[in-house]
Amino acid sequence: RTFNMGVGMALVVAPEAVEQVLAHLAAQDCRAYRLGEIVAGEQEVALQGTLAW
């Protein structure tokens, strides 16, 4: 199964690497946003909030 986020490319990085990856992308003039986090559990996909594209 695929969850289509409709945002183009998505990167999945370790939590401790998030700030470094965002800084690197910004230095390359690439807009990037933190979309959320992956957590262990039995729940369904939960969406909270929106992004103003």
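No gaps in the numbering here: position 18 of the sequence shown is 84 in the working numbering, and each next residue is one more. Glycine included, every Cβ here is placed at the ideal spot set by N, Cα and C.
As assigned by DSSP and simplified to three states, the class of residue 101
As a first step, residue 101 is located in the sequence shown; it is residue number 35 there, counting from the start. In the structure shown, residue 101 sits in coil (DSSP, three-state: anything other than H, G, I, E or B).
N-terminal and C-terminal residue of the alpha helix (DSSP H) that residue 86 is part of
Position 20 of the sequence shown, counting from 1, holds the residue named residue 86. Segment 84-93, the alpha helix (DSSP H) holding residue 86.
Please report the distance separating the alpha-carbon of residue 101 from that of residue 110.
If you number the sequence shown from 1, residue 101 lands on position 35. If you number the sequence shown from 1, residue 110 lands on position 44. Rounded to the nearest angstrom, the two C-alpha atoms are 17 Å apart.
Rounded separation between residue 89 and residue 74 - CA only:
Taking the first residue of the sequence shown as 1, we reach residue 89 at position 23. Taking the first residue of the sequence shown as 1, we reach residue 74 at position 8. Distance between the alpha carbons of residue 89 and residue 74 is about 19 Å.
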